[in-house]
Structures are given as structure tokens and as C-alpha cells.
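Before any comments, here is the structure.
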Amino acid sequence: EGAVPYWRVAFEKQCGQEHSLMIGTYGMVSNISSDGTYNGPTNNYLDLALDAQYQYIKPQHIITAQATWIHEFQTLSGTNAAGGSSNLHDNLDTIKARLNYAYRSSSFGTIGGTLAWFYTFGTTDSGLYTNGTQFVSSASGSPNSSGFIIEADYLPVKYIKIALQYTVYTQFNGAASNYDGLGSNASGNNTIYLYSRLMF
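Add 93 to a position in the sequence shown, counting from 1, and you land on the number used in this note's numbering.
Written out as C-alpha cells, the structure is:
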């Protein structure tokens with residue numbers, strides 16, 4: 094509802110010809126209707142984030158390390174008034190870290206791999222997260238989830254990417270096992286997929 098201001102500020106430092114470092118911040122403010130209409134109270138979200146990146150670049154070798162932390166302040170006026178949340182105010186944090194290596198060959202393109210870790214945690218809210226629906230509900234009312242992402246990449250040419258990605262959940266909605274109270278385990282959300290991308 095209304096404008097959604099977003100900001101991004103970053104400082105980048107080049108250290109010689111091979112190393113670069115970036116530190117930044119970004120965020121957003123939004124008011125969202127809880128029922129899809131413009132009537133009644135809305136939910137307000139304020140996201141504040143920090144991120145950083147390090148790169149080592151040689152003609153054949155590229156190493157990239159990235160990390161970000163997002164803290165979200167939630168004022169759930171619309172959802173709470175409708176009985177959809179136990180709390181008026183909630184917080185939600187997301188932390189992600191990623192390490193990528195790529196080898197550029199003059200004969201067969203570029204091959205690489207990525208290892209990433211993610212962790213989401215926040216305020217326990219049984220009204221918001223416990224809805225009794227299998228696979229998506231949280232029996233404890235917790236949004237806490239964590240896991241790893243493993244990816245193998247191949248770029249036969251610089252504008253075509255083929256990748257195989259596997260996501261492993263060690264925790265989902267507050268638990269590793271029976272997180273919804275209906276027998277679902279975090280590992281049941283593990284996903285693997287093959288994708289390709291054409292870049293212009």
C-alpha cells in the first residue's frame with residue numbers, strides 16, 4: 094500500500110589487481126494489506142541489512158565469498174486484528190553465507206562449485222506459524238530454519254550456464270523432525286534440481 098522505499102549503499106575497495114572487498118547496507122520499508130484489500134489496518138515491515146563480499150580474480154581462477162544478514166521488524170496490525178498472529182510485533186532474521194570457486198579454461202569453458210549456508214530465525218508466534226497444515230505449519234510456532242546449498246556449475250560459453258543444485262535442510266520451522274506435529278521432517282524439504290540460464 095503506497096510507496097515502498099528501498100535503499101542500497103556500498104563501499105568497494107580494490108586491493109591490487111587480484112583482490113576486491115565490498116561492504117554495504119540495504120533495506121526496505123513496506124505496508125502490506127493482510128487480506129489483499131485497502132480496507133482496515135495493514136502490516137508494516139522494516140528490513141535492515143548488512144552484506145559483504147570478497148573476490149580473488151586471476152585469469153583462470155575466481156574465488157568469491159559473500160555474506161548477508163537481514164533483520165526484519167514486523168508490526169502485524171492487520172494480521173493480528175484478524176486473529177492471524179499471536180503477537181502484534183515480531184522479528185525475523187536471515188543470515189546467508191556463500192563460497193564459490195570457478196576455473197576458467199581456454200578449451201572447455203568454465204567449471205565451478207558453490208557451498209552456501211543459510212539460517213532463518215525469529216519470534217515464536219503460534220498464531221502466525223501454527224496453522225495445522227502439514228508440511229508448512231510449525232508445531233512450536235517457530236520460523237527457525239537452516240541448511241546448506243551445494244551447487245556444481247558449467248559454463249560452456251560465458252553467457253550460458255548449466256547447474257545442478259541440492260538444498261539440504263537441517264531444521265525447518267523450529268525442528269529437525271516432526272516439525273509440524275504431523276510427522277514431517279526437515280529433510281523432507283530437501284530439493285535437487287537441474288537448471289540452465291541464458292545471460293544477455
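Built from N, CA and C at the ideal position, the CB exists for glycine as well. These numbers were taken from a predicted model, which means no experiment stands behind them.
**Study point:** The beta strand (DSSP E) enclosing residue 173, as first and last residue numbers
**Key:** Annotation for residue 173: no beta strand (DSSP E) segment contains it, though the alpha helix (DSSP H) segment containing it runs 170 to 174.
Check your understanding: Tell me the DSSP bridge mates of residue 208?
Key -> Per DSSP, 192, 243.
Practice item. Under 8 Å by Cβ, that's how I've got residue 202 and residue 247 pegged, so tell me the actual separation to the nearest angstrom. Key: With a contact defined as Cβ atoms closer than 8 Å, residue 202 and residue 247 qualify at about 7 Å.
Exercise for review: Would you check if the stretch 217 to 232 and the stretch 190 to 197 touch, i.e. whether three or more CB-CB distances between them fall below 8 Å?
Suggested key: Judged by Cβ distances under 8 Å, the stretch 190 to 197 makes no contact with the stretch 217 to 232, as fewer than three pairs qualify.
Check your understanding: Where residue 210 and residue 190 are concerned, what is the direct C-alpha to C-alpha distance, given to the nearest angstrom?
Key -> Looking at the two C-alpha atoms, the distance is approximately 5 Å.
Practice item. Under 8 Å by Cβ, that's how I've got residue 281 and residue 233 pegged, so tell me the actual separation to the nearest angstrom. Key: With a Cβ gap of about 17 Å, residue 281 and residue 233 do not count as contacting.
Exercise for review: Assign residue 265 to one of two classes, buried (16 or more other C-beta atoms within 10 Å of its C-beta) or exposed (fewer than that).
Suggested key: Burial call: buried.
Practice item. Mark residue 279 as exposed unless 16 or more other C-beta atoms lie within 10 angstroms of its C-beta, in which case mark it buried. Key: Residue 279 is buried by the Cβ-count criterion.
Check your understanding: Do the stretch 130 to 143 and the stretch 166 to 182 make contact, defined as three or more Cβ pairs closer than 8 Å?
Key -> Taking 8 Å as the limit for Cβ pairs, the verdict is that the stretch 166 to 182 does touch the stretch 130 to 143.
Exercise for review: Report the three-state DSSP secondary structure of residue 220 (helix, strand or coil).
Suggested key: It is helical.
Check your understanding: Which same chain residues, not among the five before or five after residue 151, have their C-beta less than 8 Å away from its C-beta?
Key -> Beyond the five residues adjoining it in sequence on each side, residue 151 comes within less than 8 Å, by CB distance, of 111 in the same chain, given in chain order.
Check your understanding: Taking buried to mean at least 16 other C-beta atoms within 10 Å of its own C-beta, is residue 237 buried or exposed?
Key -> Classification of residue 237: buried, given that the 10 Å Cβ count is 16 or more.
Check your understanding: So residue 104 and residue 121 are in contact, right, with Cβ under 8 Å, and what is the actual spacing, rounded?
Key -> Contact doesn't hold; Cβ gap of about 20 Å is too wide.
Point to revise | Rounded Cβ spacing between residue 252 and residue 287 (contact assumed at less than 8 Å) | key: Residue 252 to residue 287, Cβ: 19 Å. No contact.
Practice item. Give the secondary structure of residue 117 by DSSP, where H, G and I count as helix, E and B as strand, and everything else as coil. Key: Residue 117 sits in a strand when the DSSP states are folded into three classes.
Check your understanding: If we ignore side chains and look at the alpha-carbon of each, how far apart do residue 146 and residue 156 end up?
Key -> Those two C-alpha atoms are separated by around 11 Å.
Check your understanding: Over what stretch of residues does the beta strand (DSSP E) that includes residue 279 continue unbroken?
Key -> Careful: residue 279 lies outside any beta strand (DSSP E) and carries neither H nor E.
Check your understanding: Between 242, 107, 100, 143, which lies nearest to residue 123 when the distance is taken from Cα to Cα?
Key -> Ranking 242, 107, 100, 143 by Cα distance to residue 123 puts 100 first.
Check your understanding: With respect to the beta strand (DSSP E) encompassing residue 256, which residues constitute its N-terminal and C-terminal limits?
Key -> From DSSP, the beta strand (DSSP E) with residue 256 extends over 253 to 264.
Check your understanding: Which residues in the same chain as residue 173 place their Cβ atom closer than 6 Å to its Cβ, once the five residues preceding and following it in sequence are excluded?
Key -> So the qualifying residues of the chain are 181.
Check your understanding: Between 216, 289, 241, 269, which lies nearest to residue 249 when the distance is taken from Cα to Cα?
Key -> The shortest C-alpha to C-alpha distance from residue 249 to any of 216, 289, 241, 269 is the one to 289.
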